Each structure stands twice: as structure tokens, then as C-alpha cells.
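For the sequence shown, the residue numbers in UniProt numbering are 1 to 150.
Only one structure is covered here, and it is reproduced in the block below.
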Amino acid sequence: MTDAVSFRPMTEADLDAVLKIEYAAFSHPWTRGIFTDSLKSYDCWLMFEGSQQVGHGVINVIVGEAHLLNITVKPESQGRGLGLLLLERLMDRARELQAGECFLEVRASNQSAYRLYERYGFNEIGRRRDYYPAVGGREDALVMACTLID
């Protein structure tokens with residue numbers, strides 16, 4: 001990483017750029033409608049490296065519990081620690097909103113994301129069978145949780 005990393009809240013005006021990254025990163029990306037709905041109810045953030053948008057994330061915090069709903073880093077920017085920086089920012093935001101723990105689901109096949117979450121301090125606590133759409137069928141989700149209070 002050469003340029004400074006910064007974050008700001010996502011707005012509806014950002015959705016074209018968000019969708020470009022989302023569709024490049026995932027086989028089954030979130031749609032514009034999902035992001036539009038998320039902007040109304042959840043905490044949605046953008047990550048920049050210098051002036052370039054390189055990622056985004058969405059969390060939901062209700063009654064002391066956070067749920068990480070989406071975390072995405074531009075494919076060509078992956079593998080340089082940006083995912084961890086984005087995850088740290090989202091977890092800091094969850095703490096600001098008084099969350100004591102965070103939950104997430106990750107595709108069973110997404111080992112790089114699993115390792116990222118594990119590195120941060122998430123632990124696998126369960127499995128949701130056939131949770132995600134996948135090429136040729138469905139894929140399990142691994143459920144992970146992390147305590148956010150010291």
C-alpha cells in the first residue's frame with residue numbers, strides 16, 4: 001500500500017462504483033436494490049486508497065449485536081492487507097454503536113475470507129446448510145462470531 005487508506009459513509013450516489021467492485025469480486029453479488037435497501041437501515045462504508053475506491057462494507061447493529069453483512073475489496077487490490085483494514089474499521093464502527101459481539105456468514109469455499117476473519121478473532125460457531133446460491137446449486141455458510149468488548 002502506497003497511498004493513505006481512508007473511509008467514509010456510502011451514499012446512493014456511490015452505488016455505480018460500489019456495484020462495479022461488487023460484480024468484479026463475487027459470482028453472486030449483491031444487487032443495486034439490496035444496497036439501496038441497506039442504505040436505509042444499515043451502516044454502509046466505503047474504503048479508499050488515496051482517491052481510488054477499493055472496497056466497501058455493510059454492518060447492522062441491533063441491541064448490542066452486530067452482523068457483518070458485506071465486506072468487499074476490489075479484486076486487483078486484494079492480498080495487500082486492505083481487507084483487514086476494512087474489517088477493523090467496520091468492527092470499530094460496531095463498537096461505536098455499542099455492539100458487544102459480531103456475527104457473520106462466510107461461504108465454506110471462501111478460505112481467504114475465513115482466514116481473514118480468524119486472524120481478526122472470529123471463531124466458527126456453526127454452519128448453515130445450503131445458505132448461499134452457487135454455480136450448479138447451493139453452498140453452505142460457516143457462521144462465525146467475535147467478541148468486541150475487552
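For glycine and all other residues, C-beta sits at the position ideal for the given N, C-alpha and C.
Only a predicted model underlies this, so the values are computations on that prediction, with no experimental measurement involved.
Counting only residues of its own chain and dropping the five nearest sequence neighbours on each side, Gly100 has a CB closer than 8 Å to the CB of Gly64, Glu65, Thr147, Leu148 and Ile149. Shown here for Ser77: same chain residues with a beta carbon closer than 6 Å to its own, the five before and five after excluded, namely Val54 in chain order. A contact between stretches requires three or more CB pairs, one per stretch, nearer than 8 Å, and the stretch 114 to 122 meets this requirement with the stretch 83 to 90. Comparing alpha-carbon positions, the option among Ala134, Gly137, Gly126 and Tyr132 lying closest to Met144 turns out to be Gly126. Runs of the alpha helix (DSSP H) spanning 4 or more residues and lying entirely within the stretch 67 to 148 occur at 82 to 96 and 111 to 120, in chain order. Per DSSP, Phe35 has no beta bridge partner at all. Boundaries for Glu12: no alpha helix (DSSP H) harbours it, and the DSSP string shows neither H nor E there. Distance from the CA of Asp130 to the CA of Glu124, rounded to the nearest whole angstrom, comes to 17 Å.
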